[in-house]
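This report refers to the structure that appears directly beneath it.
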Amino acid sequence: MDMTDETRVEWREWGPDAFAEARAADKPILLSLSATWCEDCHEMDAETYAEPRIAANLNDGFVPIRVNVDRQPRIRERYNMGGFPSTVFLAPDGHPITGATFIGPDGMRQVIDRVREVWEKKGAEAGRLPRALRGDLPPAGEVSPQIESHLAGQLEVAFDEAHGGWGDAAKFPLPRTVEFALKRDRSRALRSLDAVRDGLYDPVEGGFFRYADDAAWSKPNREKTLESNAALLRAFANGYRYTGEDAYLDPAAGTADFLVDSLWTGTGFAGSMGPAAGTDYYLLGEEGRDNAPGPRTDLTVYAGGNALAADALLVLAGLTDDERAREFGSRALSRVAEDLVDDGVVTHFRSGGDAGEELLLEDQARVVAAACRARQVLGGESVAGEPVLELAAAVADAAIDELFDEGSFLDGPASGEALLSSPLRPLDGNVEMANALLDLAALTGDERYREVAQETVAAFAGAWDRIGVQVAAYGTVAARLLRDPLVVELNDGVGSDLHRAALRVADHEALVVPEADAADLAAGTARVSAGETTVEATTPEELMQAVSSVTPDA
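With full-length UniProt numbering applied, the sequence shown covers 1 to 554.
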């Protein structure tokens with residue numbers, strides 16, 4: 001058992017040995033959830049866990065476990081105390097006793113004393129199983145128009161009119177909420193993109209910081225993750241889709257450059273980049289940065305993050321003919337398909353001799369979505385020797401076979417130590433998978449995927465009025481289920497004028513099928529359809545007119 005370079009605590013790895021030790025010694029567990037990018041995590045290591053007396057008390061009276069939340073997201077979702085670091089005290093069975101986020105030295109001394117008192121009085125009974133993990137199914141209901149209407153209303157109710165974005169304290173950019181708003185409340189969507197760009201975009205290094213510590217976006221946290229940058233790249237690219245304005249294209253293109261220049265490892269995108277130890281690296285300015293220590297970078301290539309990056313880069317490529325974005329989007333998806341997908345089962349990461357969990361819902365959903373995007377932008381080419389739609393179908397089928405349970409998806413196999421054996425049905429993960437399945441259904445014509453998406457959305461519909469703006473994408477997928485998809489089929493090659501025009505349609509939920517297998521479609525022709533309504537076009541101008549004619553209410 002080793003101490004880290006920054007602490008004096010003898011951290012154990014999460015696993016059966018640590019829990020067995022806690023049971024045998026009749027000691028509570030200290031679970032520390034941390035991340036490479038997390039500045040506050042490193043600060044807590046330096047201030048709290050490096051203090052000799054605190055470390056001695058923790059080493060003697062507890063079994064300390066350290067978990068990297070990026071590598072073990074199922075633990076993150078079950079024990080997150082509202083941010084990172086998360087500091088959680090557990091009974092030996094893994095049930096939480098109490099927890100917080102950052103705790104300074106004085107606070108930690110008090111918490112240690114309180115936990116000891118509770119442990120002496122109650123022992124293992126001090127731990128409680130969180131409500132979300134008690135096995136109750138979400139409240140099912142009808143997929144109705146009121147879901148989209150409710151969430152469109154929340155865009156206004158929760159909007160910060162003074163500063164842009166949603167919420168009134170620390171601000172997260174909520175890129176999926178922005179994308180929902182682009183079709184339903186474009187003014188607020190663009191005002192939010194403006195605020196995110198002005199507050200979180202790094203004009204020197206490129207890319208976006210993860211969030212702001214204040215409502216006015218004036219105090220950006222200095223952490224950058226692949227997932228948040230990929231999602232924001234796509235949101236800004238879609239902002240450009242609707243406006244044609246460089247104010248949205250420039251941050252998208254700059255973020256694509258950041259991904260390639262700063263996070264590309266040679267085989268895939270690294271997971272994150274956090275500020276260097278002991279320096280205000282991102283506040284130094286260009287000249288000061290030349291002599292500053294390098295940032296902390298997690299070089300792990302995560303499946304879900306790379307799939308999301310591939311999706312975003314291919315959206316940008318489709319909108320702008322950016323060959324670099326096209327190349328690295330394709331390469332990222334190929335890396336995932338070659339190294340992290342086996343018979344439809346996605347492995348979270350492989351690094352050296354380590355391998356992450358398999359069949360995580362978020363990973364499965366993002367690979368399906370990225371493969372569907374590749375079919376639209378790149379055509380029918382193969383990835384890792386397999387046509388992209390076959391890859392998407394295999395990954396979707398594995399998720400349905402292994403994770404779809406009683407009408408909704410589990411976040412992963414319900415197995416492992418402590419709370420990992422308790423089923424969790426995350427709304428956001430179910431929304432991602434349902435959206436990906438709708439893409440796959442439209443691109444393959446296989447209605448089975450649409451039926452699973454319908455059942456998934458219905459599984460949560462009984463609580464539609466309690467869903468907030470943070471999961472506005474639930475309104476997106478509900479609306480897509482109630483409307484015929486806008487599909488543009490092309491008997492034309494990838495990169496043709498018709499294909500390029502189709503990818504630029506002012507509807508980011510539309511689906512494009514180049515090189516369509518349609519015997520009744522003449523060469524060089526596009527067929528635009530929404531349900532039974534179809535219009536053919538042979539020029540980009542005719543195509544845009546056709547889109548308007550089949551979607552008069554869009």
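All residues carry an ideal CB built from backbone N, CA and C; glycine is no exception.
Check                                                                                                                     : Outcome
Reference LEU490, options LEU498, ARG483, PHE84, closest by Cα                                                            : LEU498
Coil, strand or helix - THR539 by DSSP                                                                                    : coil
Between the CA atoms of GLU381 and ILE54 - distance to the nearest angstrom                                               : 57 Å
Start and end residues, alpha helix (DSSP H) containing ALA369                                                            : 361–378
Cβ neighbour criterion (16 or more within 10 Å) applied to ALA424                                                         : This sequence places Leu at residue 424; Ala is not what is there. Buried: at least 16 other Cβ atoms inside 10 Å.
Neighbour-count burial assignment, GLN110, 16 or more Cβ in a 10 Å radius                                                 : exposed
With 16 other Cβ atoms within 10 Å as the buried cut-off, status of residue 561                                           : The requested residue 561 does not occur in the structure, where the chain is confined to residues 1 to 554.
Start and end residues, alpha helix (DSSP H) containing PHE236                                                            : 226–243
Environment of TYR474 [buried if 16+ CB atoms lie within 10 Å]                                                            : buried
Cβ-based burial, GLY288 [other Cβ within 10 Å; buried from 16]                                                            : With a pLDDT of only 47 at GLY288, under the threshold of 50, the placement of this residue in the model should not be trusted; the figure read from the coordinates follows. It counts as exposed.
Candidates ASP446, SER408, VAL178, ARG210: closest to PRO426 by CA position                                               : SER408
GLY70 (DSSP reduced to helix, strand or coil)                                                                             : Looking at the sequence itself, residue 70 is Asp, so the reference to Gly does not match. Here ASP70 sits in coil by DSSP.
GLY344 versus ALA396 - alpha carbon distance                                                                              : 7 Å
Where GLU270 falls, given that 16 or more other Cβ within 10 Å makes a residue buried                                     : Here residue 270 turns out to be Ala, not Glu, going by the sequence shown. Under this definition ALA270 is a buried residue.
Straight-line Cα distance separating SER218 from THR177                                                                   : 21 Å
Identity of the residues DSSP links to TRP264 by a beta bridge                                                            : PHE269
Reduced DSSP category for TYR449 - H, G, I as helix; E, B as strand; rest coil                                            : helix
Through-space distance from GLU406 to THR225, alpha-carbon basis                                                          : 34 Å
Cut-off 6 Å between Cβ atoms - residues of its own chain near TRP37, not counting five sequence neighbours on either side : GLU223, THR225, SER272, GLY274
Beta-bridge pairing of PHE409 - partner residues as DSSP gives them                                                       : PHE404
4 or more residues per run - each alpha helix (DSSP H) lying fully within the UniProt domain "Thioredoxin" (1–117)        : 16–25, 39–44, 52–61, 73–79
Span separating the alpha-carbon of TYR282 from that of GLY83                                                             : Unreliable placement is indicated for TYR282, whose pLDDT of 38 sits below 50; the coordinate value is still reported in the next sentence. Between TYR282 and GLY83, the C-alpha separation is close to 21 Å.
Option in ARG186, PHE89, PRO138, ALA140 with minimal Cα separation from GLU117                                            : PHE89
Best match in ARG326, LEU410, LEU378, ARG331 for proximity to ALA365 [C-alpha to C-alpha]                                 : LEU410
Under the three-state DSSP convention, the category LYS171 falls into                                                     : strand
Enclosing alpha helix (DSSP H) for ARG197 [first to last residue]                                                         : 186–200
Every unbroken alpha helix (DSSP H) inside the region 293–322 [4 residues or more]                                        : 303–320
Range of the contiguous beta strand (DSSP E) that encloses GLU161                                                         : First-last for GLU161: undefined, no H or E at that position.
Buried versus exposed call for LEU482 [16 or more other C-beta atoms within 10 Å across all chains shown]                 : exposed
Beta-carbon proximity of LEU437 to VAL452, cut-off 8 Å                                                                    : yes
8 Å Cβ cutoff met for ALA235 and GLU148                                                                                   : no
Buried or exposed by the 16-neighbour rule on C-beta atoms within 10 Å, applied to VAL157                                 : exposed
Buried versus exposed, by CB contacts within 10 Å (16 or more), SER187                                                    : exposed
Cβ-based burial, ARG128 [other Cβ within 10 Å; buried from 16]                                                            : exposed
Span of the alpha helix (DSSP H) around residue 564                                                                       : There is simply no residue 564 to check, as the chain begins at 1 and stops at 554 in what is shown.
Outcome for PRO251 when other beta-carbon atoms lying within 10 angstroms are tallied against a minimum of 16             : buried
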